[in-house]
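*Asks:* Note that the working numbering numbers the sequence shown so that position 167 is 155, with each residue one more than the last.
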Amino acid sequence: MQIHYRLIILYHFNKEEKMLRKILMLIITGFVLSCFAGQEIIMSGSTTVLPIAQKTAEVFMSKHPDIKITVRGGGSGVGIASLIDKTCNIANSSRSMKDKEIQTATGKGVNPKANVVAVDGIAVIVHPSNPLKGLTAKQVKEIYTGKISNWAQLGGANTRIVVISRDSASGTFEAFGELALHGEKVRPDALMEASNQAVATTVAQTPGAIGYVGLGYVSSSVKLLSIDGIIPSKQTVIKKQYKYARPLFMYTNGEPKGTIKSYIDFVTGKEGQKIVEEVGFIGLH
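1) Measuring alpha carbon to alpha carbon, tell me which of Gln193, Val267, Ala163, Lys245 ends up nearest Ser117.
2) Leaving out the 5 sequence neighbours to the left and right, which residues in its chain are closer than 7 angstroms to Ile131 when beta-carbon positions are compared?
3) Give the C-beta separation of Ile215 and Gly65 to the nearest angstrom, bearing in mind that I take them to be a contact with Cβ-Cβ under 8 angstroms.
4) Measuring CB atoms only, is the stretch 202 to 212 touching the stretch 70 to 80, in the sense that at least three cross pairs come out at less than 8 angstroms?
5) Can you tell which of Phe254, Ile248, Gly260, Val264 has the C-alpha that lies nearest to the C-alpha of Glu28?
6) Please state the DSSP three-state secondary structure of Ala157.
7) Count the other C-beta atoms from every protein chain shown that fall within 10 angstroms of the C-beta of Ala25, then say buried if there are 16 or more, exposed otherwise.
8) Look up Ser32 in the DSSP assignment and say whether it is helix, strand or coil.
9) Look up Leu123 in the DSSP assignment and say whether it is helix, strand or coil.
10) From this set, Met49, Thr133, Val98, Gly271, which residue's C-alpha is nearest Val174's C-alpha?
11) Applying the criterion that 16 or more other CB atoms from any shown protein chain within 10 Å of the CB defines a buried residue, is Pro100 buried or exposed?
12) For Ile136, which residues from the same chain have a beta carbon less than 6 angstroms from its beta carbon, with the 5 sequence-adjacent residues on both sides left out?
13) Where does the unbroken alpha helix (DSSP H) through Leu38 begin, and where does it stop?
14) Go through its chain and collect everything with a Cβ distance to Thr147's Cβ below 8 angstroms, but skip five positions before and after it.
15) Taking just the CA atoms, how far does Ser32 sit from Cys76?
16) Hey, how far is the Cα of Val191 from the Cα of Pro235?
17) For Met49 and Leu169, I'd like the C-alpha separation in whole angstroms.
18) For a test of the three-state rule: what should DSSP assign to Val174, helix, strand or coil?
19) Gln264 to Asn184, Cα distance in whole Å?
20) For Glu266, tell me which candidate among Glu243, Gln42, Thr35 has the shortest Cα-Cα distance.
Have a look at this one:
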């Protein structure tokens, strides 16, 4: 009788142990699925980086159907602020983060990591009817700071120069201000646009206009100018012949991990860099 009682206890113990193992396996499986399935990456920021982000996200999601990537614009400053506030996973930026932004991020427990994903040349564009083929860097600076206000001063038609610029939230605005204006302020009557596409569209529709955009936004609807005799291209940017060149970033909170790392690795890998070239920018390799 005592042996039979021990067998019953052992039977129940083994049954409960098996049940616990099943429950434990379900918990582990659920944890793994929650880590790798149904994840969402939110990107925000630069309209220059936007075509790269949109196309790479589209291809990456087609390869990983359980991962959702949301891409938002707004400008580099908006994306960086979102990363600092932890409302996005990746901040797309066409400029480096400022010291003040890094300090603010650190104070909020965010450790910004700059991931370079492409290289870009800031192209100076004019209305297609403009007869000029190029400008000097000095002339560009004088146009944007207000010292030159008529195309006749540069050998063109007697037409007022309509200056188009990016707004202050833009990384392209910051980069152009540093590379072309050397810290001087844009003339107060400049028309400030919120995106690269808006600049390109306004220039295309406005005789006498001049603007600047990322290389990926140059099309046949505008005229691309040389600067000091150099046209922005893959070769002139890589060889550092073109003056207005800068890296493009995807900032993350610390070293990329998990799904975010997989996506960044995809963008900087062979297939992602091919997409970078396809949308009009310059790859890293």
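C-beta atoms are modelled at their ideal positions from N, C-alpha and C, and glycine is treated no differently. Note that the coordinates shown come from a computational prediction; the quantities given were computed from them, not determined experimentally.
*Replies:* Once the coordinates are examined:
1) Gln193
2) Ile149, Val151, Ile198
3) Ile215 to Gly65, Cβ: 26 angstroms. No contact.
4) no
5) Ile248
6) coil
7) For Ala25, the predicted model reports a pLDDT of 46, less than 50, meaning its position is unreliable; a value from the coordinates is still stated below. Under this definition Ala25 is an exposed residue.
8) strand
9) strand
10) Thr133
11) buried
12) Glu130
13) 38 to 51
14) Asn138, Trp139, Ala140, Pro195, Gly196
15) 6 angstroms
16) 25 angstroms
17) 40 angstroms
18) coil
19) The amino acid occupying residue 264 in the given sequence is Val; Gln does not appear at that position. The alpha-carbon atoms of Val264 and Asn184 are separated by roughly 17 angstroms.
20) Gln42
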